[in-house]
Amino acid sequence: MVPKLSIQNVSFDYGDGATALRNISLDIMPHELFVLFGPSRSGKSTLLRLLNRLSDLLPVGQMHGRILFDGQDIFARGTDVFDLRRRIGMVFATPTPLPGSIYENLTYGLKMAGIKDRRVLDERVARSLQQAALWEEVKDRLADSAFALSGGQKQRLCLARSLALEPEIVLLDNPTSGLDPISTSIVEESLYELKQQYTIVMVPHSMQQAARVADRAAFMLDGEIVEVGAQKDLFVYPQDKRTEDYVSGRFG
Amino acid sequence: MRVLSRQQTQKVATFLITTVATLVVIPVLLIILMIFYNGMSAISWEFLTQPPRNGMTEGGIMPAILGTILLTLGTAVAAIPLGIGAAIYLAEYAGDNALTRTIRLAIVNLAGIPSIVYGLFGLGMFVLFFQFGTSILAGSLTLGLMTLPIVISTAEEAILSVPQAFRTVSYSVGATRWQTIRHQVLPNAMPGIITGIILGLSRAIGETAPILFTVAAFYLPNLPTSVFDQTMALPYHLYVISTQVPGMPLQVQYGTALVLLLFTLSLTFVATMIRSAMRRRREW
Ligand SMILES: Nc1ncnc2c1ncn2[C@@H]1O[C@H](COP(=O)(O)OP(=O)(O)OP(=O)(O)O)[C@@H](O)[C@H]1O
Ligand SMILES: [Mg+2]
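Residue numbers (my numbering), protein chains in the order written: chain A, 152 to 403; chain B, 3 to 286.
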């Protein structure tokens with residue numbers, strides 16, 4: 152099978168001399184939920200932000216290697232980076248609604264892409280909210296400020312906001328940080344549905360969450376990938392000593 | 003050995019600071035009260051709507067009020083697009099390089115230039131070099147130039163205070179840089195930008211020196227009909243009737259000062275209202 156994303160020998164530094172990513176190679180398959188886990192500052196967010204070129208926003212930063220999306224180098228000259236970000240959505244650790252109503256949040260990306268047809272917008276709003284398991288809670292108050300939602304609802308709104316663009320890949324950077332256990336399990340449950348339609352790369356909130364949701368996973372440490380494998384290989388029979396230590400809770 | 007306990011020191015300090023702060027308010031209040039007290043009796047419908055008569059000792063100050071309104075609008079038109087544009091450039095586009103540093107230095111220095119120098123510059127640049135003549139156009143551009151540093155620095159500050167996360171989210175759903183600025187940054191910075199504009203305007207509009215050589219007329223029988231006409235204006239009119247016209251009733255002088263004061267105060271008031279209204283609407 153052809154990988155959806157192929158990360159080939161990618162290194163990255165933030166221009167301060169310290170290398171944030173060191174020679175990373177990974178293939179991510181269509182419709183899998185791929186988990187990137189590892190201790191803090193191991194480079195998970197850095198890698199995620201390269202995948203939809205949010206890293207372009209950094210004033211400095213040096214990347215080596217290639218990232219192929221459906222076989223196309225996303226850093227190639229002439230790549231439409233705005234279209235890329237519509238096809239590879241992202242949800243951040245901190246729930247960040249934009250000022251404005253729930254409806255405006257969900258339609259913002261679509262409007263920026265030039266979609267103005269009210270029917271299309273309404274339909275995308277409803278569908279993305281359903282996929283993010285938020286529809287029932289907000290369907291009667293779409294015109295309310297997005298800031299009036301609870302933390303867990305805000306995060307599901309952010310998920311819905313990226314799904315409204317009908318991306319092919321969703322990058323989830325710790326989407327359940329700061330959420331209560333109930334909101335967390337709602338989000339986790341919706342992941343099973345989501346990967347039928349999307350490819351998901353996720354940085355989990357904890358090792359336990361990684362083990363619960365992953366199809367495959369990669370263990371990252373100090374900007375390197377230590378080990379990649381299917382869920383049960385990695386969490387039950389890790390090959391590398393460092394993975395084993397981390398998975399069994401001996402450090403991190 | 004302690005003479006005062008901690009609480010007593012605290013009380014004394016609070017008392018002193020409150021006193022000092024109150025002392026600042028007193029002269030302001032006194033000026034306002036004095037002008038109100040002496041000027042109120044001059045204010046009448048006639049005073050506000052009629053041109054001066056009888057060597058300006060009678061009648062009203064309508065041409066000066068109108069002139070000041072026109073100059074306010076002209077200054078706004080001159081300063082707002084350029085000011086906001088420059089602020090957007092500095093906050094969102096400019097890197098940290100020699101050019102940007104020079105621009106910033108220039109803005110800081112522009113803010114410190116005495117207003118009479120603006121007046122002379124306006125005379126040389128707009129009146130003479132561009133041959134706009136002594137006109138509303140030349141006066142507005144001069145006042146606009148003077149307002150620019152305030153507009154730029156407050157607008158830049160307002161733009162920078164928009165949370166970075168809004169920009170990141172906007173980019174992450176495929177918005178371009180300009181779309182992000184247009185739809186996220188500017189709307190959220192608007193209260194601050196408007197406040198800066200109005201404060202800048204209200205400061206510029208009370209000035210006499212910048213309009214002295216560029217637009218203001220001692221007395222005009224007719225109202226201006228185009229931007230190339232001269233106009234009377236409140237600050238200059240006040241200066242004229244206080245220093246140049248013998249036998250001027252004190253009441254008329256105070257009345258004119260009161261109108262000018264009310265004009266600038268109401269601008270400040272409007273700025274405050276707009277700001278709090280927009281703050282309430284956009285909560286984050
Ligand atoms: N904007 C930045 N500028 C400079 N260095 C950065 C920046 N962001 C991250 N880094 C550095 O890059 C390294 C990797 O950080 P990154 O945020 O990718 O880690 P992470 O695995 O996502 O950590 P966490 O689990 O805490 O989110 C760290 O050493 C960090 O200090
Ligand atoms: Mg991170």
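Every residue gets a Cβ at the ideal spot worked out from N, C-alpha and C, and that includes glycine. No experiment lies behind these values; they were computed from the predicted model shown.
Next on the checklist: Give me the chain B residues within the contact set of A/Y254, using Cβ-Cβ distance strictly less than 8 Å, ordered along the chain.
Outcome noted: The premise fails here: A/Y254 is roughly 15 Å from chain B at the closest Cβ pair, so nothing lies under 8 Å.
Checklist entry - When burial is assigned at 16 or more other CB atoms within 10 Å of the CB, is B/S172 buried or exposed? => result buried
Next on the checklist: At a cut-off of 8 Å, would you count A/V354 as near ligand 2, judging by its Cβ distance to the nearest heavy atom?
Outcome noted: yes
Item to check | Closest residue to A/M353 among A/F188, A/E340 and A/I218 (Cα-Cα distance) | outcome: When only C-alpha atoms are compared, the closest one is A/F188.
Item to check | Chain-ordered list of residues that sit, by beta carbon, closer than 5 Å to a heavy atom of ligand 1 | outcome: A/Y165, A/A171, A/S191, A/R192, A/S193, A/G194, A/K195, A/S196 and A/T197
Next on the checklist: Can you tell me where the alpha helix (DSSP H) holding B/G135 begins and where it ends?
Outcome noted: Segment: none, B/G135 is in no alpha helix (DSSP H) and carries neither H nor E.
Checklist entry - For B/I45, which residues of its own chain have a beta-carbon under 7 Å away from its beta-carbon, when the five flanking residues on both sides are left out? => result G257 and L260
Item to check | Closer than 9 Å at the beta carbon, the chain B residues around A/D221 | outcome: By Cβ distance, chain B contributes nothing, its closest Cβ being about 17 Å from A/D221, past 9 Å.
Checklist entry - Taking DSSP as the reference, what is the three-state secondary structure of A/M371? => result strand
Checklist entry - Just checking my contact of B/T216 with B/V129 at CB under 8 Å: how many whole Å lie between their CB atoms? => result The C-beta separation of B/T216 from B/V129 comes to about 6 Å, placing the pair in contact by the 8 Å criterion.
Next on the checklist: I'd like to know if B/G194 contacts chain A, where contact means its C-beta is closer than 9 Å to some C-beta of that chain.
Outcome noted: no
Next on the checklist: Could you check whether the Cβ of A/N325 sits closer than 8 Å to any heavy atom belonging to ligand 2?
Outcome noted: yes
Item to check | Span separating the alpha-carbon of B/L92 from that of B/L203 | outcome: 21 Å
Next on the checklist: I want to know whether the region 126-141 of chain B touches the region 211-230 of chain B - three or more CB-CB distances under 8 Å.
Outcome noted: The region 126-141 of chain B and the region 211-230 of chain B touch, with no fewer than 3 CB-CB distances between them shorter than 8 Å.
Next on the checklist: Is there a C-beta anywhere in chain B that falls below 9 Å from the one on A/L249?
Outcome noted: Closer than 9 Å: yes.
Item to check | Delimiting residues of the beta strand (DSSP E) encompassing A/L324 | outcome: A small fix is needed here, since residue 324 of chain A is Asp in this sequence, not Leu. Its beta strand (DSSP E) spans residues I320 to D324.
Checklist entry - Within the present structure, is the beta-carbon of A/A368 separated from the nearest heavy atom of ligand 2 by less than 8 Å? => result no
Checklist entry - Would you say B/S155 and B/G198 are within 9 Å of each other, going by their C-beta atoms? => result With respect to the 9 Å criterion, B/S155 and B/G198 are classified as neighbours on the basis of their beta carbons.
Checklist entry - Cβ atoms of B/I109 and B/I161: under 9 Å apart, would you say? => result no
Checklist entry - Under three-state DSSP, which class holds B/A177? => result coil
Checklist entry - Is the CB-CB distance between A/R111 and A/L257 below 9 Å? => result As displayed, chain A neither begins before 152 nor continues past 403, which places residue 111 of chain A out of reach and without an answer.
Checklist entry - Who are the Cβ neighbours of A/L184 in its own chain at under 7 Å, not counting the five residues just before and after it? => result L342, K346, I351, M353, V364, A365 and D366
Checklist entry - Run through DSSP, which three-state label would A/A171 get? => result Here A/A171 sits in strand by DSSP.
Item to check | Members of the region 255-266 of chain A that neighbour chain B once the beta carbon cut-off is set at 7 Å | outcome: Y259, G260, M263 and A264
Checklist entry - So what does DSSP say about A/L184, is it helix, strand or coil? => result strand
Next on the checklist: Spatial neighbours of A/T394 within its chain, please: C-beta separation below 8 Å, excluding the five flanking residues on both sides.
Outcome noted: In its chain, beyond the 5 residues on either side, F370, V377, E378 and L385 have a beta carbon closer than 8 Å to the beta carbon of A/T394.
Item to check | Any chain B beta carbon closer than 9 Å to A/D234 | outcome: Using a Cβ-Cβ cut-off of 9 Å, A/D234 counts as an interface residue toward chain B, since at least one Cβ of chain B sits closer than that to its own.
Item to check | Closer than 8 Å at the beta carbon, the chain B residues around A/M241 | outcome: S174
Item to check | Distance between beta carbons of A/I239 and A/L285, contact taken as under 8 Å | outcome: That belief does not hold up - the Cβ atoms of A/L285 and A/I239 are roughly 22 Å apart, past 8 Å.
Checklist entry - Should A/A244 be listed as close to ligand 2, given that the test is whether its C-beta is under 8 Å from any heavy atom? => result yes
Checklist entry - Is the beta carbon of B/I207 sitting closer than 9 Å to the one on B/L269? => result With a cutoff of 9 Å on beta-carbon distance, B/I207 and B/L269 are scored as near each other.
Item to check | Cut-off 7 Å between Cβ atoms - residues of its own chain near A/D331, not counting five sequence neighbours on either side | outcome: Apart from the 5 residues on each side of it in sequence, A/D331 sits with its Cβ closer than 7 Å to the Cβ of G303 in its chain, given in chain order.
Next on the checklist: On the DSSP letters alone, give me the boundaries of the beta strand (DSSP E) that A/G240 sits inside.
Outcome noted: I239 to V242
Checklist entry - Run through DSSP, which three-state label would B/V26 get? => result helix
Next on the checklist: Cutting at 7 Å between CB atoms, please list the residues of its own chain near B/F38, excluding the five before and the five after it.
Outcome noted: L260
Item to check | Inter-stretch contact at 8 Å, needing at least 3 Cβ pairs: the region 318-333 of chain A / the region 277-292 of chain A | outcome: No, they do not touch.
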